[in-house]
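Colleague: Residue numbers (UniProt numbering): 1 to 697. Before anything else, here's the structure in question.
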């Protein structure tokens, strides 16, 4: 009997239990000189699926049921299999990935069944469909070959590049490489470089690399140029005759100092106790016709992406910054919502118009805020000043109305990142939204509500902006977290947006404010677009839509088209229109998430870039989270980092889950959420974008 047959027969015995290769060698009396050949035989039988190898032990291969689905990676390099069937996620250890990438379609088998305190484990048998064969990363050149280190930390291996496949790339270049070969598990995948983006330290190179890595389109194809040329030839004088002329109204835009696309403009008047508010929105739908090449491109993008000082527009700049934009002292086509608002903030009357306006001023948020707070005077124009003061009055009424009904205002500060002439980060600081920001937000919310309610009550389908009530399990977690801060919450079924808003307001000036705000935020569902009517929990309203930013959001553009059809008495709903709205909503929900992820990633990259030159420097911060492994500390400039317990030398610190504190075993020192501390920048990791601190003692 040959050795293979002898081995398989031995394993098939009823009383056989899995053995290591050494134990098998002893059991089968394999001589020392034959060990190497025996071990090779075992490997061969595993590869041919005659023998299974688990936990370093061998047994007869039992054909297992396989599962198909997607693989989702963690930042640690492990992954979870998400089945097409309704079953729990399955953990895939790093060694069992078989060169699968994040979001690949894969087929797996179970290698460990689910236990009480652990998930089932699986092994990737094969990759059915790759999410992408293109990898963006940083190239490192060696003498006869090179490697690409992927930007996406979920891609857990470097890509080997042969000498002839470098395409002129040099060390520290950002590149796009195409995967061409996946050898066995012990060797890296091979690729060829198909594009050199530029040096990794160049500001624009970082942004383009990020956009390519996240597959966000940032260039417009030549196919739309002909349409753009035709649009620039449009003579709006003919169109003006068909519109309501609001050019005699005193009108202003108020935006950020760097803004170039002006979606909205405001006119206001006061008669007795009533306010007449005109919200003028750029009439993008006049230029971007449904199913045109421009429309298809806008749909694909879904929204503009704002990457600090770099904008990836939904529409070409000829439209976004010029033709559609409500630039000052120029006749512009708009859609106007005229509202008569009482002293209680209720809209008493409203009307929609296809209009033409001519904005008197392009104002900046900070300047308007300074004027309204009495800090600084600007334009010597009494009409302007009077208008701004009336805007402030109305905003106070609308804001109080929203507060009273239960709108949640987290009031998280924005991050201001400034660059030097060399493109390097010069400073990072908190940027509080001022009074002028709030005024415009109030007026936009008011217009969005009027439009949403109008179509909802007429039962004309549009895309709504909905925000469901937090699920009970998330509210239970929130209740548990806040109880550790001695905050006793109402029963789950009694929790409303107004109640959560009151908690935020109660603690807004305390050192626990950020933790409470983030805890409440984490309990929330994500706001999304949908043709289905639902509440907007965060705004404490119903029948809400996005209407006021059609230059930068496709959802708003679809609502504009419906409104214009309504104004022309064309309210017949096309066949399959609800299905179209549903598909569109799902798509723009995805593009919105992608844009937010890109914005956050670039901010993280820039924070790490800024802090890498601050190693050894001391900063003040507050503890924003206490975990089982360390303290997360936020500096005054919003940068966050981790102080590991193992790096605190004065004691051994243990995490108290009940109070969310860390307590020194010997000294009884306590680290608590909201506590102010000083830290030293210890190290930064530009691959994972993580920052570590030491305590300054």
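Beta carbons: idealized from backbone N, C-alpha and C, even for Gly. Since the model is a prediction, treat every value here as computed from it, not as a measurement.
DSSP three-state label for residue 32, please.
Modeller: Start at 1 with the first residue of the chain shown, and residue 32 comes out as number 32. Three-state result, residue 32: helix.
Colleague: Considering only residues of the UniProt domain "S1 motif" (616–696), which uninterrupted beta strand (DSSP E) runs meet the minimum length of 3 residues and lie entirely inside it, listed in chain order?
Modeller: Here the runs fully enclosed are 618–626, 630–635, 640–644, 653–656, 661–664, 670–672, 676–685, 690–695.
Colleague: What runs of the beta strand (DSSP E), each 3 residues or longer, lie entirely inside the stretch 212–266?
Modeller: Listed in chain order, the complete beta strand (DSSP E) runs (minimum 3 residues) inside the stretch 212–266 are 252–255.
Colleague: Evaluate residue 291 with the Cβ neighbour count: other Cβ atoms within 10 Å of its Cβ, from every protein chain shown; 16 or more gives buried, anything less gives exposed.
Modeller: As a first step, residue 291 must be located in the chain shown, where it is residue number 291. Exposed is the call here.
Colleague: Would you check if the distance between the CB atom of residue 449 and the CB atom of residue 544 is smaller than 8 Å?
Modeller: In the chain shown, counting from the first residue as 1, residue 449 sits at position 449. In the chain shown, counting from the first residue as 1, residue 544 sits at position 544. In contact: residue 449 and residue 544 (Cβ atoms closer than 8 Å).
Colleague: Measure the alpha-carbon distance for residue 174 versus residue 137 and round it to whole angstroms.
Modeller: Start at 1 with the first residue of the chain shown, and residue 174 comes out as number 174. Start at 1 with the first residue of the chain shown, and residue 137 comes out as number 137. Cα to Cα, the separation comes out at about 6 Å.
Colleague: Could you check the C-alpha separation between residue 429 and residue 509 for me, to the nearest Å?
Modeller: Locating residue 429 in the chain shown gives position 429, where the first residue counts as 1. Locating residue 509 in the chain shown gives position 509, where the first residue counts as 1. Each residue's alpha carbon lies about 19 Å from the other.
Colleague: Is it the case that the stretch 616–629 contacts the stretch 662–673, given that we only count it when at least three CB pairs across the two stretches are under 8 Å?
Modeller: Taking 8 Å as the limit for Cβ pairs, the verdict is that the stretch 616–629 does touch the stretch 662–673.
Colleague: Select from 314, 311, 609, 493 the residue whose C-alpha is nearest the C-alpha of residue 424.
Modeller: Residue mapping note: residue 424 aligns to position 424 of the chain shown, counting from 1. Ranking the options by Cα distance to residue 424, first place goes to 609.
Colleague: For residue 633, which residues from the same chain have a beta carbon less than 8 Å from its beta carbon, with the 5 sequence-adjacent residues on both sides left out?
Modeller: Counting from one through the chain shown, the residue named residue 633 turns up at place 633. Closer than 8 Å at the Cβ level, and outside the excluded window around residue 633, lie 621, 622, 623, 624, 640, 641, 642, 643, 677, 679, 693.
Colleague: Using three-state DSSP, classify residue 528 as helix, strand or coil.
Modeller: Walking along the chain shown from the start, residue 528 turns up at place 528. Looking at residue 528 - three-state DSSP - the assignment turns out to be strand.
Colleague: Could you check which residue in 691, 279, 516 has the C-alpha nearest to that of residue 443?
Modeller: For the purposes of this step, residue 443 is taken as the residue at position 443 of the chain shown. Comparing Cα-Cα distances from residue 443 to each of 691, 279, 516, the minimum goes to 279.
Colleague: Which runs of the beta strand (DSSP E) fall wholly inside the stretch 495–521 and span at least 3 residues, in chain order?
Modeller: DSSP runs (the beta strand (DSSP E)) wholly in the stretch 495–521: none.
Colleague: Taking Cβ positions, are residue 190 and residue 180 nearer each other than 8 Å?
Modeller: As a working mapping, residue 190 is identified with position 190 in the chain shown. As a working mapping, residue 180 is identified with position 180 in the chain shown. A contact, by the Cβ cut-off of 8 Å.
Colleague: Kindly indicate the opening and closing residues of the alpha helix (DSSP H) around residue 365.
Modeller: Stepping through the chain shown from its first residue, residue 365 is reached at position 365. 365–372 is the span of the alpha helix (DSSP H), which, as asked, contains residue 365.
Colleague: Which whole-angstrom value is the C-beta distance of residue 72 and residue 244, which I expect to be below 8 Å?
Modeller: Here residue 72 refers to the residue found at position 72 of the chain shown. Here residue 244 refers to the residue found at position 244 of the chain shown. Actually they do not touch by this definition, with Cβ atoms about 52 Å apart.
Colleague: Tell me, please, whether the stretch 656–669 touches the stretch 473–489 by the rule of three or more beta-carbon pairs shorter than 8 Å.
Modeller: Touching, per the Cβ criterion.
Colleague: On the three-pair Cβ rule with 8 Å, is the stretch 465–475 touching the stretch 520–529?
Modeller: Yes: the two stretches touch, three or more of their Cβ pairs being nearer than 8 Å.
Colleague: Could you check where the beta strand (DSSP E) with residue 16 kicks off and where it finishes?
Modeller: In the chain shown, residue 16 corresponds to position 16, counting from 1. Element bounds for residue 16: n/a, residue is neither H nor E.
Colleague: Using only the alpha-carbon positions, how far apart do residue 512 and residue 398 sit?
Modeller: Residue numbering aside, residue 512 sits at position 512 when the chain shown is read from its first letter. Residue numbering aside, residue 398 sits at position 398 when the chain shown is read from its first letter. Going by the C-alpha atoms only, they are around 28 Å apart.
Colleague: Closest to residue 410 by C-alpha separation, out of 446, 479, 327, 516, would be which residue?
Modeller: Your numbering for residue 410 matches position 410 in the chain shown. Looking at the Cα atoms, 516 is the closest of the given residues.
Colleague: Pull up the distance between the alpha-carbon of residue 97 and that of residue 345, whole angstroms please.
Modeller: As a working mapping, residue 97 is identified with position 97 in the chain shown. As a working mapping, residue 345 is identified with position 345 in the chain shown. Cα to Cα, the separation comes out at about 58 Å.
Colleague: Look up residue 73 in the DSSP assignment and give the residues it is bridged to.
Modeller: In the chain shown, residue 73 corresponds to position 73, counting from 1. Note: residue 73 sits in a beta bridge opposite 79.
Colleague: So the candidates are 378, 373, 374, 351; which of them puts its Cα closest to the Cα of residue 363?
Modeller: Within the chain shown, numbered from 1, the residue matching residue 363 stands at position 363. Ranking the options by Cα distance to residue 363, first place goes to 378.
Colleague: Specify the secondary structure class of residue 325 as computed by DSSP and reduced to three states.
Modeller: The count along the chain shown starts at 1 and reaches residue 325 at position 325. Correct three-state label for residue 325: coil.
Colleague: What's the C-alpha gap between residue 697 and residue 65?
Modeller: If you number the chain shown from 1, residue 697 lands on position 697. If you number the chain shown from 1, residue 65 lands on position 65. Near 58 Å, if we compare the C-alpha coordinates of residue 65 and residue 697.
Colleague: Does residue 546 pass the burial test, meaning 16 or more other C-beta atoms within 10 Å, or should it be called exposed?
Modeller: Your numbering for residue 546 matches position 546 in the chain shown. When all chains shown are included, residue 546 counts as buried.
Colleague: Pick out whichever of 28, 657, 583 has its Cα sitting closest to the Cα of residue 480.
Modeller: By 1-based counting over the chain shown, the position of residue 480 is 480. Cα-wise, what sits closest to residue 480 is 657.
Colleague: Compare the Cα-Cα distances from residue 300 to each of 589, 630, 604 and report the closest residue.
Modeller: As a working note, residue 300 is residue 300 in the chain shown. Here the closest residue by C-alpha is 589.
Colleague: Am I right that residue 46 and residue 53 are in contact with their C-beta atoms under 8 Å? What's the rounded C-beta distance?
Modeller: Numbered from 1 along the chain shown, position 46 holds the residue referred to as residue 46. Numbered from 1 along the chain shown, position 53 holds the residue referred to as residue 53. That pair is a contact at about 5 Å.
Colleague: Leaving out the 5 sequence neighbours to the left and right, which residues in its chain are closer than 7 Å to residue 431 when beta-carbon positions are compared?
Modeller: Translated into the one-based positions of the chain shown, residue 431 becomes position 431. Counting only Cβ-Cβ distances below 7 Å, and skipping sequence neighbours, we find 413, 414, 415, 416.
Colleague: Between the beta-carbon of residue 35 and the beta-carbon of residue 27, is there less than 8 Å?
Modeller: Taking the first residue of the chain shown as 1, we reach residue 35 at position 35. Taking the first residue of the chain shown as 1, we reach residue 27 at position 27. The answer is no: Cβ separation not under 8 Å.
Colleague: Nearest-angstrom Cα distance between residue 204 and residue 158?
Modeller: Along the chain shown, read from residue 1 onward, the residue named residue 204 stands at position 204. Along the chain shown, read from residue 1 onward, the residue named residue 158 stands at position 158. Whole-angstrom Cα-Cα distance: 24 Å.
Colleague: Measure the beta-carbon distance from residue 104 to residue 129 and round it to whole angstroms, keeping in mind my assumption that it falls under 8 Å.
Modeller: Counting from 1 along the chain shown, the entry for residue 104 is found at position 104. Counting from 1 along the chain shown, the entry for residue 129 is found at position 129. About 7 Å separates the two Cβ atoms, so the contact holds.
Colleague: Using 8 Å as the threshold, is the C-beta distance between residue 224 and residue 150 below it?
Modeller: Position 224 of the chain shown holds residue 224. Position 150 of the chain shown holds residue 150. Taking 8 Å as the Cβ cut-off, residue 224 and residue 150 do not qualify as a contacting pair.
Colleague: Using beta-carbon positions only, say whether residue 358 and residue 251 come within less than 8 Å of one another.
Modeller: The residue you call residue 358 lines up with position 358 of the chain shown. The residue you call residue 251 lines up with position 251 of the chain shown. Yes, these two residues count as a Cβ contact at 8 Å.
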